[in-house]
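**Student:** This is the structure I want to talk about, given as structure tokens.
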Ligand code: 6CS
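Residue numbers (the working numbering): 10 to 353.
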């Protein structure tokens with residue numbers, strides 16, 4: 010009996026030594042699942058591919074990327090990541106405000122600048138992203154890795170509009186996870202229709218909706234300029250996306266892998282910040298070259314004034330939802346002022 014016991018002890022001891030050796034020498038390899046709300050050639054895909062390359066070049070781990078649609082709709086992916094079915098999530102901020110209320114900060118009208126230098130400075134240095142949002146994500150079971158811009162929001166419709174009056178009664182599709190987007194288009198005079206991306210193309214083809222908003226990189230990539238007639242720049246917003254990890258998965262990693270993931274996120278963040286501006290310009294440029302019939306309108310400052318005025322009620326509504334929302338909006342304003350001052 011004694012002999013048997015010592016043999017078990019020796020075996021257990023050797024197994025634990027081997028485990029420590031393997032994990033510390035980073036020999037163990039895992040496949041991590043990364044789902045996102047876009048395709049591999051879209052901004053979220055560029056980020057995910059840069060993240061994947063960094064991980065696979067600097068460890069034996071592999072990343073399996075699931076583009077939008079491969080695991081269901083973008084709305085399902087956050088749940089799957091929080092549940093630990095997925096390890097990483099690339100998600101448009103317009104799908105997050107219903108779950109993480111503070112994330113509707115990024116869909117607020119007339120808050121984010123359209124100036125790309127200010128945006129670049131903000132996304133690299135803001136206290137909102139680097140200090141305030143990480144603990145909020147942790148409360149929802151997510152480890153925040155990055156938030157990055159994809160381009161200025163442009164509104165495409167079948168008829169031109171120059172005022173909230175022109176939008177009266179127009180059914181405008183908005184991303185389905187954002188109470189603020191619903192409030193925004195109500196304030197703009199329209200009738201908002203929350204709808205997933207998967208349903209939008211059919212809705213435009215059957216006139217179930219009268220218009221939608223997206224950055225031009227997306228409008229061009231998915232031919233939305235062939236499904237509507239006019240693109241209008243209102244200056245009211247920016248399309249942003251986030252990258253996060255399942256909190257439990259991340260916490261249970263060794264320090265080496267935690268550092269690896271943070272470095273991979275920083276690398277991907279730099280890549281997409283550089284690419285986003287180019288992609289946005291490419292999108293509108295290609296639309297103009299390939300679709301000369303498509304009308305491009307930029308609202309004047311006086312035409313924007315009633316939309317800006319209507320937006321203040323939406324900003325106040327966001328801040329009134331919780332102390333945390335108010336604090337983060339106040340800090341956002343400070344961060345954006347700093348971004349403006351530092352990029353003059
Ligand atoms: O409009 C949407 O729902 C989609 N737009 C973009 C730019 N990314 C993914 C999102 O599902």
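Cβ atoms here follow ideal geometry from the backbone N, Cα and C, with glycine treated the same way. As the structure is a computational prediction, the values presented were derived from the model and not from experiment.
Which whole runs of the beta strand (DSSP E) in the segment 63–93 are 3 residues long or more, in chain order?
**Tutor:** The DSSP assignment places complete beta strand (DSSP E) segments of no fewer than 3 residues inside the segment 63–93 at 71–75, in order along the chain.
**Student:** Measure the C-alpha to C-alpha separation of residue 26 and residue 113 and round it to an integer number of angstroms.
**Tutor:** 48 Å
**Student:** Thinking just about the alpha-carbon of each residue, which of 164, 198, 169, 302 is nearest to the one in residue 184?
**Tutor:** 164
**Student:** Hey, would you say residue 254 sits closer than 8 Å to residue 97, going by beta carbons?
**Tutor:** yes
**Student:** I want to check one thing, is the minimum distance from the CB of residue 184 to the heavy atoms of the ligand 6CS below 7 Å?
**Tutor:** yes
**Student:** Could you work out which residue in 180, 189, 60, 294 is closest to residue 228 when comparing CA atoms only?
**Tutor:** Closest option to residue 228, Cα to Cα, is 294.
**Student:** Quick one: any contact between the segment 54–65 and the segment 272–287, if contact means 3 or more CB pairs under 8 Å?
**Tutor:** yes
**Student:** Candidates 128, 141, 139, 172: which alpha carbon is nearest residue 158's?
**Tutor:** 128
**Student:** Who are residue 207's beta bridge partners in DSSP?
**Tutor:** Answer by DSSP bridge pairing: none, since residue 207 is not bridged.
**Student:** For residue 250, count neighbouring C-beta atoms within 10 Å of its own C-beta (all shown protein chains included) and say buried if the count is 16 or more, exposed if not.
**Tutor:** Buried, because 16 or more other Cβ atoms sit within 10 Å of the Cβ of residue 250.
**Student:** Between which two residues does the alpha helix (DSSP H) holding residue 137 run?
**Tutor:** Unbroken run through residue 137: none, as it is neither H nor E.
**Student:** Under 8 Å, with one C-beta from each stretch per pair, do the segment 66–75 and the segment 286–301 reach the 3-pair mark?
**Tutor:** no
**Student:** Considering only heavy atoms of the ligand 6CS, does any lie closer than 7 Å to the CB of residue 79?
**Tutor:** Not one heavy atom of the ligand 6CS lies closer than 7 Å to the C-beta of residue 79.
**Student:** Going by the C-beta, is residue 46 closer than 7 Å to any heavy atom of the ligand 6CS?
**Tutor:** yes
**Student:** Roughly how far, in whole angstroms, is the beta-carbon of residue 237 from the beta-carbon of residue 167, given that I think they are within contact range, below 8 Å?
**Tutor:** With 8 Å as the limit, residue 237 and residue 167 qualify as a contact, their Cβ atoms being about 6 Å apart.
**Student:** If we ignore side chains and look at the alpha-carbon of each, how far apart do residue 48 and residue 324 end up?
**Tutor:** 31 Å
**Student:** Could you tell me if the beta carbon of residue 144 falls within a distance shorter than 7 Å of some heavy atom in the ligand 6CS?
**Tutor:** no
**Student:** Only counting the same chain, and skipping five residues up and downstream in sequence, which positions put a Cβ closer than 6 Å to that of residue 193?
**Tutor:** 118, 323
**Student:** In this structure, does DSSP put residue 119 in helix, strand or coil?
**Tutor:** It is coil, neither helix nor strand.
**Student:** Counting pairs of beta carbons, one from the segment 74–88 and one from the segment 199–214, are three or more of them closer than 8 Å?
**Tutor:** yes
**Student:** For residue 121, does the count of other Cβ atoms within 10 angstroms reach 16, so buried, or fall short, so exposed?
**Tutor:** buried
**Student:** CB residue 100 to CB residue 82, shorter than 8 Å?
**Tutor:** Not in contact: residue 100 and residue 82 (Cβ atoms no closer than 8 Å).
**Student:** Between residue 159 and the ligand 6CS, is the CB less than 7 Å from at least one heavy atom?
**Tutor:** Within the cutoff, so yes.
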